[in-house]
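Chains as they are written, first to last, in the numbering used here: chain Y, 1096 to 1252; chain B, 1096 to 1252. What follows is one structure encoded as structure tokens, with my remarks underneath.
There are 2 protein chains.
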Amino acid sequence: MVLKEELGLKQGFVDTAHEALLNVYYTASMMKKRADAFFSQFGLTDVQFNLLTLLYFQSGDEGGLSQAQISDMMLVNRANITSLVDRMEKAGFVERTAHSRDRRFNIIKLTTKGRTLFEKVQPIYIEQVRKVMSPLNQTELNNLMRMTEKIRKELRR
Amino acid sequence: MVLKEELGLKQGFVDTAHEALLNVYYTASMMKKRADAFFSQFGLTDVQFNLLTLLYFQSGDEGGLSQAQISDMMLVNRANITSLVDRMEKAGFVERTAHSRDRRFNIIKLTTKGRTLFEKVQPIYIEQVRKVMSPLNQTELNNLMRMTEKIRKELRR
DNA sequence: AGTATATAGTTTATATGCGAACTATTATAA
DNA sequence: TTATAATAGTTCGCATATAAACTATATACT
């Protein structure tokens, strides 16, 4: 019943399922705020760092990822990727390149500047993540992943 | 290691803590999408329904909640509450009223229209929540709440 | 009492998020 | 082969999110 006190709620949790859902939801919300505060030190948002991460680890056939692939991986609408890539391209962290055979695709690649920034920020970020998750031991982390995966599976039906 | 396959990621998870954090994060993201799809049936967003819920269950001394109180409870910036209340007031679901002694406060109250809508939507919403969380038994729900609470406690430091 | 500080709410600029309508390009089908 | 489908990306309108600068009001302090 922790969230009740945290949020000053006396009522409104109709049952445990609802309360658990809100726990997950508000925890993610707080994670995002912390991540945004962290990345702002480096002139980035959490979403922008996610894009750097994807491009750093996943080159794809054409040496980059299409905007549709990025959209699928980040679980966000394609319209967002257009503006996200616009901003990141303007900042010089990524570039749009042509696909070798299909002119519909924009292949997005990290620039040297983007790669350098990622390699600078990523280890510090992982340190922060470890600290945030430090109250949970390995067994708990595994249980947490197992349970949230069950929920996602249900949501995908 | 489920998220890796889900998101088509081959690398990028540096350790279990990071993977667990992203599990929570993407689960909440999917919950939000589902909630938004559900509430759009009734011309609402999930955020707007949250506001109705708060106002329905928490009257406060003045028979409503100040925007600052709403901001605290919803864990969002006060600037958002201004525009949220603007939209909800325009739609006729809430009203801004004066505080009896302190002219700085807007006391936000449900209108009859807002109360009626909430009472119509809420039971159907709770049904959906139970379905989404149905893969977890009571013990798992409690564990999930306990673990996310530990994370929030760490985030509040 | 009068000044400084704190609090509530608004506005602006910016970065997300969605769905729907649009263009360009490619693939499919008749 | 030509008409139709599907796919990739963009643009638009809207709803959310933040921080920062602003006004109005209330409180605290000397």
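Just so you know, even glycine gets a beta-carbon here, dropped at the ideal spot from N, CA and C.
Burial state of residue i (16 or more Cβ within 10 Å)
{"i": "residue 1163(Y)", "result": "exposed"}
{"i": "residue 1170(B)", "result": "exposed"}
{"i": "residue 1247(Y)", "result": "buried"}
{"i": "residue 1188(B)", "result": "buried"}
{"i": "residue 1146(B)", "result": "buried"}
{"i": "residue 1123(B)", "result": "buried"}
{"i": "residue 1105(Y)", "result": "Note that residue 1105(Y) has pLDDT 44, beneath the 50 cutoff, so the model's placement of it is unreliable and no number is given."}
{"i": "residue 1112(Y)", "result": "buried"}
{"i": "residue 1148(Y)", "result": "buried"}
{"i": "residue 1214(B)", "result": "exposed"}
{"i": "residue 1130(Y)", "result": "buried"}
{"i": "residue 1136(Y)", "result": "exposed"}
{"i": "residue 1134(Y)", "result": "buried"}
{"i": "residue 1096(Y)", "result": "No answer about residue 1096(Y) holds up, because its pLDDT of 34 lies below 50 and its placement is not dependable."}
{"i": "residue 1219(Y)", "result": "exposed"}
{"i": "residue 1233(Y)", "result": "exposed"}
Beta-carbon proximity of residue i to residue j, cut-off 8 Å
{"i": "residue 1127(Y)", "j": "residue 1110(Y)", "result": "no"}
{"i": "residue 1201(Y)", "j": "residue 1161(Y)", "result": "yes"}
{"i": "residue 1205(Y)", "j": "residue 1139(Y)", "result": "no"}
{"i": "residue 1115(B)", "j": "residue 1240(Y)", "result": "yes"}
{"i": "residue 1227(Y)", "j": "residue 1250(B)", "result": "yes"}
{"i": "residue 1231(B)", "j": "residue 1245(Y)", "result": "yes"}
{"i": "residue 1166(Y)", "j": "residue 1172(Y)", "result": "yes"}
CB-CB length for residue i against residue j, believed under 8 Å
{"i": "residue 1237(B)", "j": "residue 1243(Y)", "result": "At roughly 15 Å, the Cβ-Cβ gap does not stay under 8 Å, so residue 1237(B) and residue 1243(Y) are not in contact."}
Reference residue i, options the options, closest by Cα
{"i": "residue 1208(B)", "options": "1179(B), 1222(B) and 1184(B)", "result": "1184(B)"}
{"i": "residue 1190(Y)", "options": "1179(Y), 1116(Y), 1251(Y) and 1203(Y)", "result": "1203(Y)"}
{"i": "residue 1197(Y)", "options": "1157(Y), 1224(Y), 1179(Y) and 1167(Y)", "result": "1157(Y)"}
{"i": "residue 1143(Y)", "options": "1176(Y), 1235(Y), 1199(Y) and 1223(Y)", "result": "1176(Y)"}
{"i": "residue 1121(Y)", "options": "1132(B), 1168(B) and 1225(B)", "result": "1168(B)"}
{"i": "residue 1194(B)", "options": "1210(B), 1159(B) and 1182(B)", "result": "1159(B)"}
{"i": "residue 1252(B)", "options": "1229(Y), 1192(Y) and 1180(Y)", "result": "1229(Y)"}
{"i": "residue 1210(Y)", "options": "1186(Y), 1222(Y), 1233(Y) and 1174(Y)", "result": "1186(Y)"}
{"i": "residue 1132(B)", "options": "1192(B), 1174(B), 1223(B) and 1152(B)", "result": "1223(B)"}
Residue i: CB within 7 Å of a non-hydrogen atom of the ligand HEM
{"i": "residue 1206(B)", "result": "Among the components of this structure there are no ligands whatsoever, and the ligand HEM is therefore not found."}
**OP:** With a floor of 3 residues, list each beta strand (DSSP E) that falls wholly inside the region 1181-1231 of chain Y, ordered by position along the chain.
**Re:** Segments of the beta strand (DSSP E) lying fully in the region 1181-1231 of chain Y: 1189-1193 and 1201-1205.
Original post:
Which ranges would you report for the alpha helix (DSSP H) in the region 1136-1182 of chain B if only whole runs of at least 4 residues count?
Top reply: Whole alpha helix (DSSP H) segments, 4+ residues: 1141-1152 and 1162-1169.
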